[in-house]
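Take the position in the sequence shown, starting the count at 1, then add 5; the result is the number in this note's numbering. Quick reminder that beta carbons are idealized off the backbone N, C-alpha and C, glycines included.
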Amino acid sequence: MKGGSIEIGEVSKGASQRKGMKRGLSIMDFILRIVAAAATLGGAVGMGTAEESLPFVTNFMQFRAEYDDLPSFVFFVLANSLVCGYLVLSLILSVFHIVRSSAVKSRVLLIVFDTVMLGLLIAGASAAAAIVYLAHNGNSKANWFPICQQFNNYCQQASGSVVGSYIAVAFLIILILLSAAAISRH
Numbered sequence: 006m007k008g009g010s011i012e013i014g015e016v017s018k019g020a021s022q023r024k025g026m027k028r029g030l031s032i033m034d035f036i037l038r039i040v041a042a043a044a045t046l047g048g049a050v051g052m053g054t055a056e057e058s059l060p061f062v063t064n065f066m067q068f069r070a071e072y073d074d075l076p077s078f079v080f081f082v083l084a085n086s087l088v089c090g091y092l093v094l095s096l097i098l099s100v101f102h103i104v105r106s107s108a109v110k111s112r113v114l115l116i117v118f119d120t121v122m123l124g125l126l127i128a129g130a131s132a133a134a135a136i137v138y139l140a141h142n143g144n145s146k147a148n149w150f151p152i153c154q155q156f157n158n159y160c161q162q163a164s165g166s167v168v169g170s171y172i173a174v175a176f177l178i179i180l181i182l183l184s185a186a187a188i189s190r191h
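The structure is reproduced here in structure tokens:
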């Protein structure tokens, strides 16, 4: 800056740095969407394939535990599947933001849909976490006994799926914050 005026090189340098910062945020957004999609897919597949059979008296009579025995687990699988599908589809907009880092309206749209998907994912993960807690600990006041002592593999798989879903929740929160930061730098 000379004598109170800004040189052209300083202005273009600042604009270039801002554009580079937005592009970096867009690349990070793309990577986080892929990781979050993988976490939700893992949660849905893990819970959807959770099943275990235990013999009762003879091998012809068995107790079975499957994810679709409990509506909360069905909701969990559906919520994770929907969020995974959304995240895969939102990769298109994420690539658009890498190419055109100055887009604002599409970022606002992503924030809105990311927030809706975050709510859906938290609802599904919370419902499943409550059932997993009961499966591990039971509830003596309601006379519900823990089943994880008998169905150990089933409970481990269900617990892992819930953890994967909460990891995706954390990534969605970070995605919302990244999009808000990219908009605020506009």
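Burial is judged here by how many other beta carbons sit within 10 angstroms of a residue's own beta carbon; Val137 has at least 16 and is buried. Annotation for Pro151: no alpha helix (DSSP H) segment contains it, and DSSP assigns it neither H nor E. Residue burial is scored here from C-beta neighbours: Asn144 has fewer than 16 other C-beta atoms within 10 angstroms and is therefore classed as exposed.
Exposure of Leu94 is indicated by the presence of fewer than 16 other C-beta atoms within 10 angstroms of its C-beta.
Cα atoms of Ala135 and Leu83: separation of roughly 17 Å, rounded to the nearest angstrom. One Cα belongs to Ser184, the other to Arg112, and the distance between them is close to 6 Å. Pairing Ile188 with Asp119 gives a Cβ-Cβ distance that is not under 8 Å. Short of 7 Å from the beta carbon of Ile103, and not among the five residues preceding or following it, lie these beta carbons of its own chain, in chain order: Arg28, Ser31, Ile32 and Phe35. Nearest Cα to Asp74 within the set Gly90, Gly47, Leu177 and Tyr159: Tyr159. Sequence-distant partners of Val117 (beyond 5 residues in either direction) whose C-beta falls short of 8 Å from its own C-beta are missing from its chain.
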